[in-house]
Structure formats: structure tokens, C-alpha cells
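If you count the sequence shown from 1, position 101 lands on 100 in numbering that gives the first Met the number 0, and the numbers rise without skipping.
Ideal Cβ positions, reconstructed from N, Cα and C, are used throughout, including at glycine.
So the structure is just underneath, and the comments pick up after that.
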Amino acid sequence: MVYLPPAFTEKRPDVLLEHIERYDFGLLVTHGAAGLVASHIPFLIERDGERLHLHGHLARPNPQVGDLARGGEVLAIFHGPHAYISPNWYATGPSVPTWNYADVHAYGTVQLVEDAEWLRRFLVRLSERHEARS
0 MVYLPPAFTE
10 KRPDVLLEHI
20 ERYDFGLLVT
30 HGAAGLVASH
40 IPFLIERDGE
50 RLHLHGHLAR
60 PNPQVGDLAR
70 GGEVLAIFHG
80 PHAYISPNWY
90 ATGPSVPTWN
100 YADVHAYGTV
110 QLVEDAEWLR
120 RFLVRLSERH
130 EARS
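See below:
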């Protein structure tokens, strides 16, 4: 859990989803037998009514796949822009430095998909999305 002062907490779903879609190369964090494990992977979002599904892909040899198969809560972090804020920039006098940033932390559970056709379609969609950006 990350601490955020209420004044800096974004709760509007449309803003959070836009952030995830724009900065879709996320960090998937799990906790397993070896402790915390993280993998950087691209995600696609699928909306199902009020539910949100994040789809990603890990290579089968990745040890994190074993953690995912055992279930439990996962965290996907989507980092956005960030910048150092100098105390010299404040017009109000002496202050302390800080860091401004935009991140989304998405908590949920995982469902592993073994269906080869589903995986093929997902990888085509993922590739098409990023080819369009290149």
C-alpha cells in the first residue's frame, strides 16, 4: 500500500484507466515462496461492465508464473511522469524539496489462461497496439 495524502489521491475511474492505457508497461508484483518478485510487462485493459481485467503475458520459464499459479493478491504498478521539485521554485520562501509523480497501483487476483487460441489472439492484439505506436 502506498501512502497518499488525500489532496493528491485520484479516485475518478476514467482518469485512472486513461493513465493505465497511456502508461501500459506495468510492473507486476507478487509474493511467493522466494519473497517479493516483480516483472515489467505490457498490459491490455478489458472492461466488463464495472469490472476491469488487466491482461498480460509472462514467459512460462519466468519463476513468477509459479507464484501466480498458487493464487493470492497481486499488484500492478503503472508509472507515469515524475519530476523533482526544488524548494527554490516556491515563491513563499524556504521549503523542502519534493517529488511529483503520477502512478496507478492496481490490486487484484490472477487467472492463468492456458488456452493457446486465446493467447494467440491476445498477443496479436498486444502487438497491433504497440506496432501502431511505433
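For F77 against Y22, the beta-carbon gap comes to about 5 Å, under 8 Å, which counts as contact. Collapsing the DSSP output to three states places L57 in coil.
Residue range 72-84 is occupied by the beta strand (DSSP E) that includes G79. Contact annotation: the stretch 55-73 touches the stretch 25-39, with at least three C-beta pairs closer than 8 Å.
Take the alpha-carbon of L57 and the one of L15: they are about 24 Å apart. Secondary structure of A37 (DSSP, three-state): strand.
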